[in-house]
Amino acid sequence: MMRQFNIPDADYMSPGHLACAGCGAAIAMKFALKALGRQTVVIIPAGCWAIIAGTYPYITLKVPILHTAFETSGATASGVRAALDMKGDRDTTVMAWAGDGGTFDIGFQSLSGAVERNDDFIYVCYDNEAYMNTGVQRSSATPYGTRTTTTPGKGWKKTRKKNIVEILAAHRIPYAATASIAFPEDMVKKFQRAKEIKGGTRFIHIFATCPTGWRTPTETSVKIARLAVQTNMFPLYEVEDGLKYTINCKGDRPVAEYLKLQGRFKHLTDNDIKNIQETADKDWNILLGKTRG
Amino acid sequence: MKQVMEGSHAVSEAVRLARVQVISAYPITPQTHIVESLSEFYAEGSMDARFLCVESEHSALAALIGASSCGVRTFTATSSHGLALMHELLHWTAAARLPIVMAEVNRALGPGWNIWTDQTDSLSQRDTGWIQLYCEDGQEVLDTIFQAFRLAEMVNLPAMVVMDAFYLSHTYEPVDVPDQKRVDRFLPPIEPRIELDVENPCALSQLSPPTMFMELRHNIQIAMEHVPRCFKLVEDEFAALFNRRYGQMEPVHCDDAEIIMVVTGTAASTCREVISDLRSGGEKVGLLKIKMFRPFPKELIRKFLAPAQKVAVVDRNFSFGTSGIFAQEIKASLCNLDAHPFVFSYIAGLGGRDVTVDLLKEIYWKTKENLTPTDESIWMGLREID
Amino acid sequence: MPKQQKSFMEVPLFIPRSKVSTEINKTGSWRFVSPMFEEKTAPCSAACPAGEDIGRIEMLTAQGLFKRAWEAILMENPFPSVCGRICFHPCENFCNRKEFDESIALHSLERFLGDIAIAEGLNQPLKNLPANGKKIAIAGAGPAGLSAAFFLTRLGYSCTIFEEKSEPGGILRWGIPSYRLPDDILKSEIKRILDSGVEIRCNTPVTKSFMEKEIGYYDAFFIGSGHSISIKMDVYGEDAASDGLKFLYNIRKGEITSINCTAAVIGGGNTAIDVSRSLIRLGANVILMYRRRRQDMPAFANEVEMALKEGVQLMELVSPIGLEKDGKNLLLTLQKMKIADTLSGGRPQVVPDSTKTETLRVGKIFAAVGAGPDKLWQIPCEDKDDNKILRLSHCIISIEKYPKIFAGDLTNHTKSAVDAIASGKQAAMALDILFNEGRDSIKERLSSCKVGDGPALSMEIYMNGKRKSRNSRIVYLKDINTDYFMPALRIIPLSLSPELCIKSFSQVEQTLTTDSAMKEASRCFNCGLCNNCDNCRLFCPEMAVISEDNNRRINFDYCKGCGICVVECPRSAMALKEE
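Residue numbers (our numbering), protein chains in the order written: chain Y, 988 to 1280; chain G, 11 to 396; chain V, 8 to 586.
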């Protein structure tokens, strides 16, 4: 066997789910559960995965799911953990699985509260950079330059993407990391690491391509997730205790290669792309600086 | 053992004895003493539970939804704006059929900011599917907490135990606190019907299409319809162990009353005195103290009120654009009877304004004097505003 | 609480709770394009005249499965150790990796595998078809004749080779010097062919009488006798020059020891280079003289480069016009040439550059301006075209009383060992088709065995092996997902320095070590072939790629046709087709 990537074989996800063809979030869950295994409880707030996971009476995962209200992932996960602890179960991993809306915006308070309490669970944000489930409306995770249904035409998004990992690093969260579906070994390693670090909150921010919302061909979902890392638009790194930074991959391609493949960026002029490149370079240098600090 | 304690502490003592496993709460006046004493129990180790200091009431209930879904006994407390903030999740808890118990301290909603007693907050949530039980004194509070757990776990509906701000929450009274062994006999460990289990994975609360949604909702109503029967069983067992019972409502001298006053909360205590006084003056008056508001006990309401000529409902709450809420519900229960009394609606005591003996008597005489009630509720003791 | 009371109070509970797997939902109905596993053709295998399945060979080598890799070579070419040393490896020029970083050292890997098989004494491993009773006479035990025998024996024919010299090998034995191809290596690979059931009669030239009488005993006659007759220079005093081919033959017989003088070699082909490099090793000071320019020389470019490195001096644009004896030496008069306007295509025209001449005094002159066939053969000439002649890319078939096939250097456009091997294979297939289906089926059947666009043919395809199902579409670099490959330098085998290598006839380049071979083979993209990297299964969002014993299949019940598998296949071994 000449496997390209060495990751666990078993799957805890069934086919027949309702994700769009080429959905990055579906691939993300597949990898996450490969790493975490059977003894996991998943909390899913409103978002794409609330639908993907199956309508009554169907379930697409082979682990228990608790669906919750949009903004409650952090608190619900805290409650589930508390209950399991009271039942004497310290082995089951609790994983909150929220989209960018449920993490960066409406769910932010709940997440911040849980992290400040340092409750013992893994919070995962699968980031497709807009409110995809309700029809591609912008979120604070939507990057500068994007057209969405609430930032259409000339009103394309002029504010930058919120940096969620930095915010949580400021909470001194024990472990926070970014991951991309194009780097399966890296993602699985991070989930396994997160699983082992018990006793506090762990956060993983996954780049999950959305061909439907980004107007990209379905077959390029993994390629785009790879380009995001290779162009430093979405660097792969880890932060321990909010202070120790480790970069996992250095990108060296121009952002134009990444932007030009996506319909949501089609309107950008060369000057806009230049601005985006400058910002990406600046942010990358700041990140590099943190690894030395 | 009889102890003198404030209503808040009656709640926390009951929660401790009920062996609640996960508590999650956010402070708001006048619930803070509940939360603080529970924190002390937790800190000193006299309570084997997890206490989550969440960052809002919404998160408090969210955390309990998570915990209760794992099949443990859960509790929270709130009031006023906190309850309002929980609103979305109050619907969620009931529809998810989780037996969460909450102590709800009746307090006015602002603006203007008002920390004193008013029932509008809990009654605004009457559509959410929670069992609502209103308490008159500290003993009732303590007892009702225990009963609420039994009842909620029997029917899989959440329950709120409601008490007046300050008049009950901060008033010291003698309360008979039972010992742990007795409580354990009344309230054994939870046997959950809903429990997340990796050995038996399933999804809870997922997308449900129109083809089964009505059945889901109807099932909640079916559970509500089981409540009166279950409540009686619970009270029977409680009475057997502790020799106390309250009933869904308590009629006082209603058999021969021509006028019945309907009062809830601490004002009911005041009203008992009023009834006593008036009766000694020859008035044919009675008091119906309502404890259970949800499910609304229509049959008993009809039974106790139908024989009277007039009913004077004292609401310490209001639904803008219509009337006092108890009055509304009582009218709805009586309207289809061939013969039913006139229902007079009075509004009193909002925002903590005192409901005195004199005020209640004034309500009585007003009721007696007028042949028929006005459509609009009568607001008692309103001052002139420039 | 008593159980009886509890059940009495059982309140019906209906909540949204899901337990049934979504597997019941066959999302395959969403699809409007379908992925499929479709292996395609690597450009190296199409460029190889023998059509070797190179991508597959390297895949096996990278995994350390050397025996299987070697067997894959033998399927198409019985001479890996030979070709690994002397082939001009067009495969490396077409290697997709060339544009990415550096082409794979395919010839070094072929040599490595061939040498392992020799070291382990492995016999011909492929099963022969049952004997069909037909007998084939083969003239010439060069690479064409030996290959024809090898392939025909596998197809069930009984072959007899007639070789005029004392040992088989043709140019491989008697022309190519041993620093390029050592004796023992060649002998091992020839022996393997003969041991597979081929009869050979050395010192037995084919005569006119044989062709008239004894040939009737055979069912067909394969003529691979090569170009053994040197072409005359047609200049005054020509007899003073030595024959280049004979010189090489004598060295191979062990009869020449040293030549200490200045030697002129006239010619520009591989023979001229072989003569030049051999002379250097024998101590001579060598001047190679060619009538055109270096880039026009028909000799393999790497051979020319090696010659120059070893100290051969090159005089371009000179043509001999006269040779004279001068005591012990020779006087050679050369006409300077110049490039006339180039005609469309082909080699540029050279014309004498007015009256510019030059005379040199040298010790010896060797002529190597070309060779041709013995007149005995009567090869059908270019223009003759009747329905008794069938012209294929690497052989000519003449059917009169019995089928006669001309092959090897007699018919090939490129005169190389690998083209001779290709012609032996093509002839074997053509004969087999002729006997089983008739003359009219030959071209069509051969066409179905093409590798890529041809002219290379595959015996595996002819014998209905797995390679038959491969798409003949060639994979280019743009079809490779280069994100999965890191640039890495080509591994160069150890070589003797030019100063050292001219001191003897030992091999210049060495064989790769096992580690180096595996490492270099790992650089191969395996264009168009599935190497079980499992990317398709890993990335499928629908869990619709199922793995069963090292194979994969698409579960079309669930495949939504997103196409991620096809894009993430690093080596274009999948395709997306419309439903």
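Backbone N, C-alpha and C fix where the C-beta goes; we use that ideal spot for every residue, glycine too.
Model, not experiment: these values are computed from the prediction.
Sub-8 Å separation of residue i and residue j beta-carbons
{"i": "G/ILE270", "j": "G/LEU315", "result": "yes"}
{"i": "G/SER34", "j": "Y/GLY1066", "result": "yes"}
{"i": "V/PHE107", "j": "V/THR362", "result": "no"}
{"i": "Y/LEU1048", "j": "Y/MET1082", "result": "no"}
{"i": "V/ALA144", "j": "V/GLY177", "result": "no"}
{"i": "V/LYS422", "j": "V/MET466", "result": "no"}
{"i": "Y/PRO1130", "j": "V/VAL27", "result": "no"}
{"i": "Y/PHE1060", "j": "Y/TYR1110", "result": "First, the amino acid is wrong: residue 1060 of chain Y is Ser here, not Phe. Their beta carbons are under 8 Å apart, which means Y/SER1060 touches Y/TYR1110 by this criterion."}
{"i": "G/ARG192", "j": "G/LEU143", "result": "no"}
{"i": "V/GLY152", "j": "V/PHE217", "result": "no"}
{"i": "Y/ILE1151", "j": "Y/THR1090", "result": "yes"}
{"i": "G/VAL367", "j": "G/VAL273", "result": "no"}
{"i": "V/SER237", "j": "V/ASP246", "result": "no"}
{"i": "V/GLY182", "j": "V/LEU255", "result": "yes"}
{"i": "V/LEU519", "j": "V/SER115", "result": "yes"}
{"i": "V/ARG474", "j": "V/SER110", "result": "no"}
{"i": "V/PRO42", "j": "V/GLY570", "result": "yes"}
{"i": "G/GLY362", "j": "G/TRP123", "result": "no"}
Cutoff 8 Å: residue i Cβ touching any chain V Cβ
{"i": "Y/ALA1022", "result": "no"}
{"i": "Y/TYR1045", "result": "yes"}
{"i": "Y/GLN1096", "result": "no"}
{"i": "G/ASN116", "result": "no"}
{"i": "G/VAL165", "result": "yes"}
{"i": "Y/ARG1240", "result": "no"}
Neighbour flag for residue i against chain Y, beta carbons, 8 Å
{"i": "V/ASN443", "result": "no"}
{"i": "V/ALA551", "result": "yes"}
{"i": "V/ALA580", "result": "no"}
{"i": "V/SER25", "result": "yes"}
{"i": "V/ASN542", "result": "yes"}
For residue j and residue i, believed in contact at Cβ under 8 Å, the rounded distance
{"i": "Y/TYR1224", "j": "Y/LEU1155", "result": "Not quite, the Cβ-Cβ distance comes to about 13 Å (not below 8 Å), so this is no contact."}
{"i": "Y/ALA1069", "j": "G/ARG60", "result": "4 Å"}
{"i": "V/ARG559", "j": "V/CYS543", "result": "6 Å"}
{"i": "Y/GLY1009", "j": "Y/PRO1198", "result": "4 Å"}
{"i": "G/GLU268", "j": "G/LYS320", "result": "7 Å"}
{"i": "V/LYS47", "j": "V/ARG530", "result": "Actually they are not in contact, since the Cβ atoms of V/LYS47 and V/ARG530 sit about 19 Å apart, beyond 8 Å."}
Minimum Cβ-Cβ distance from residue i to chain G less than 8 Å
{"i": "V/SER28", "result": "no"}
{"i": "Y/ARG1159", "result": "no"}
{"i": "V/GLN11", "result": "With a pLDDT of only 42 at V/GLN11, under the threshold of 50, the placement of this residue in the model should not be trusted, and no figure is reported."}
{"i": "V/ILE22", "result": "yes"}
{"i": "V/MET8", "result": "Residue placement at V/MET8 is poorly supported in this model, since its pLDDT is 47, which falls under 50; the coordinates still yield a value, given next. Yes, V/MET8 lies at the interface with chain G (some Cβ there is under 8 Å from its Cβ)."}
{"i": "V/ASN32", "result": "no"}
Threshold first: 4 residues or longer. Then list the alpha helix (DSSP H) segments lying entirely within the stretch 1140-1219 of chain Y, N to C. 1151-1157, 1171-1183, 1198-1201, 1208-1217
Chain V contacts from the stretch 1176-1209 of chain Y (Cβ-Cβ distance under 7 Å): THR1205, GLU1206, THR1207, SER1208, VAL1209
Complete beta strand (DSSP E) runs within the stretch 287-360 of chain G (minimum length 3 residues, chain order): 295-300, 302-304, 320-325, 352-357
Taking only beta carbons into account, state which residues of the stretch 262-281 of chain V come closer than 9 Å to chain Y, listed in chain order. none
Counting only Cβ-Cβ distances shorter than 8 Å, please list the residues of the stretch 1013-1037 of chain Y near chain G, keeping chain order. ARG1025, GLN1026, THR1027, VAL1028, ILE1030, ALA1037
Closer than 7 Å, Cβ to any Cβ of chain Y: which residues of the stretch 205-229 of chain G, in chain order? LEU206, ASP207, VAL208, PRO211, CYS212, ALA213, LEU214, SER215, GLN216, LEU217, SER218, PRO219, MET222
Runs of 4 residues minimum, wholly inside the stretch 161-210 of chain V: which ones carry the alpha helix (DSSP H) assignment? 178-181, 190-202
What are the residues in the stretch 339-359 of chain G lying within 8 Å of chain V by C-beta distance? none
Can you pull out the residues from the stretch 312-326 of chain V whose beta carbon lies closer than 8 Å to at least one beta carbon of chain Y? none
Along the chain, which unbroken stretches of the beta strand (DSSP E) at least 3 residues long are found entirely within the stretch 396-448 of chain V? 396-398, 402-406, 410-414
For the stretch 327-381 of chain V, list the beta strand (DSSP E) runs that are entirely contained and at least 3 residues long, ordered along the chain. 336-346, 357-369, 371-374
Tell me which residues of the stretch 991-1007 of chain Y have at least one Cβ-Cβ distance to chain V shorter than 9 Å, keeping chain order. GLN991, PHE992, ILE994, ASP996, ASP998, MET1000, SER1001, PRO1002, GLY1003, HIS1004, LEU1005, ALA1006, CYS1007
Short-range partners of chain Y found in the stretch 98-132 of chain G, where Cβ spacing is below 8 Å: GLU98, LEU99, TRP102
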